[in-house]
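Encoded as C-alpha cells, the structure appears first; notes follow it.
Spelled out as C-alpha cells, the structure:
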C-alpha cells in the first residue's frame, strides 16, 4: 500500500499536549501507525463527514484521508466524552 504523509493540525497538537504523558505516548504511536495503515481494523468513518475515527484507550483520534495526495491530517484528539463536540 505504501506510506502516507502525516500532518497534525495545530489545534490537535494543543489537545495532545493536554493529555497525560502515558496516554499521549500511546496516542502518538497510534498516529504514527496511520502512515502505514490509514484504515486500520476498528477505524470507523464518521457519518456525514469525510473523516475517520480510531480508538486509543479512552481517547479518540479524528482524521481525514486524501488518497490522491497520500496524506493523513489529524484534525482532533481528545477524550471520548468530548471529542465529538
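In the numbering used here, the protein residues as written are 7 to 91. The C-beta atom is built at its ideal place from N, Cα and C for all residues, glycine as well.
Q: Report the three-state DSSP secondary structure of residue 11 (helix, strand or coil).
A: strand
(Q) If you follow the alpha helix (DSSP H) that residue 36 is in, where does it begin and where does it stop? (A) 27 to 39
Q.
Just to confirm my understanding: we take residue 52, look at its own chain, exclude 5 residues before and 5 after, and list those with CB closer than 8 Å. What are they?
A. 58, 59, 68
**Q.** Residues that DSSP places opposite residue 62 in a beta bridge
**A.** 65
(Q) Give me the residue from 55, 76, 63, 73 with the minimum Cα distance to residue 84. (A) 63
Q: List the DSSP bridge partners of residue 79.
A: 13, 70
Q. Among the residues of its own chain, which have a CB less than 8 Å from the CB of residue 13, if the five just before and after it don't count?
A. 77, 78, 79, 80
Q: Please determine, among 82, 88, 50, 45, the residue with the shortest C-alpha to C-alpha distance to residue 33.
A: 82
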